[in-house]
Amino acid sequence: ELYRRAPAAKHHQAYEHGLLEHCLSVAQGVSAISATFPGIDRDVAVTGALLHDIGKLEAYTTDPSAIDLTDAGRLQGEIPLGYYRIRREIEDIDGFPPRLAEALLHIILSHHGTLEHGSPVVPCTREATLVHFLDNLGGRLGSFDRLQKELPVGASWSSFDRALGTSAFFGAVEDAPPRLEAA
Numbered sequence: 121e122l123y124r125r126a127p128a129a130k131h132h133q134a135y136e137h138g139l140l141e142h143c144l145s146v147a148q149g150v151s152a153i154s155a156t157f158p159g160i161d162r163d164v165a166v167t168g169a170l171l172h173d174i175g176k177l178e179a180y181t182t183d184p185s186a187i188d189l190t191d192a193g194r195l196q197g198e199i200p201l202g203y204y205r206i207r208r209e210i211e212d213i214d215g216f217p218p219r220l221a222e223a224l225l226h227i228i229l230s231h232h233g234t235l236e237h238g239s240p241v242v243p244c245t246r247e248a249t250l251v252h253f254l255d256n257l258g259g260r261l262g263s264f265d266r267l268q269k270e271l272p273v274g275a276s277w278s279s280f281d282r283a284l285g286t287s288a289f290f291g292a293v294e295d296a297p298p299r300l301e302a303a
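Quick note on this note's numbering: the sequence shown kicks off at 121 and runs consecutively.
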């Protein structure tokens, strides 16, 4: 129930059900892309996508009107909290395959992509790399959604956005060829 109701973060999908919406979106993208690139274990990648932000359940308050870090979130961080939560669950399952545990825990630990962004390790597998990129893409596209909602009427450009590192353009592409209709 908590996973289903939790917001994703303070800045993107910061509303009730935001975390579930974000994780499902990452999982859908991972599933689609894993069919295109050989060597990706789709089941591991999709499971990792669904679990990658599980630490946010303990790291953030769940009141959508006042989303903030909890004491545990500030002191430990969402990644270690997620790692320990899933590790405990895995340890309670008799016969859980050790390599599968390593693969899933690695996705959780590495999903921010770099040490500078809070991951204790960088993605070292195809599955972890894929989850990282789709997680990052979801956050960046969420920034566009937020900026567009804040855009003054008639404006084409947003103000500078720290998450994107630029301003966002929302003007029409006038010279675009006509859209082809599906057959």
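No residue lacks a Cβ here, since even glycine has one placed at the ideal position from N, Cα and C.
Open item on the list: Suppose you measure from the CA of E209 to the CA of F157; what does that come to, to the nearest Å?
Closed with: 30 Å
Task: For I206 and L171, believed in contact at Cβ under 8 Å, the rounded distance - done: 6 Å
Task: Limits of the unbroken alpha helix (DSSP H) element including Y204 - done: E198 to E211
- [ ] Report back the beta-carbon spacing between G291 and S276 to the nearest angstrom; my notes put them in contact at under 8 Å.
- [x] 4 Å
- [ ] Identify, in the order they occur along the chain, each residue of the same chain with its Cβ nearer than 7 Å to the Cβ of E247, setting aside the five sequence neighbours on each side.
- [x] I160, D161, V164, A165, G168, A223 and I227
TODO: Please name the residue, chosen from Q196, L195 and K176, that lies closest to I187 on a Cα-to-Cα basis.
DONE: K176
Task: Residue of F289, T182 and E294 minimising C-alpha distance to Q268 - done: F289
Task: Test item: CB-CB of D255 and H231 under 8 Å - done: yes
Open item on the list: Between which two residues does the alpha helix (DSSP H) holding R246 run?
Closed with: R246 to E270
Open item on the list: Using 8 Å as the threshold, is the C-beta distance between P178 and L201 below it?
Closed with: It is Glu, not Pro, that sits at residue 178 in the sequence shown. Going by C-beta atoms, E178 is nearer than 8 Å to L201.
- [ ] Using 10 angstroms around the beta-carbon of S154, count the other beta-carbons present and answer buried if the total reaches 16, otherwise exposed.
- [x] buried
Task: Spatial distance of H137 from S185 (CA atoms) - done: 13 Å
Task: Span separating the alpha-carbon of A116 from that of Y180 - done: Here the chain has residues from 121 to 303 only, and residue 116 is not among them.
TODO: Please report how far the alpha carbon of D265 lies from the alpha carbon of Y204, in whole angstroms.
DONE: 32 Å
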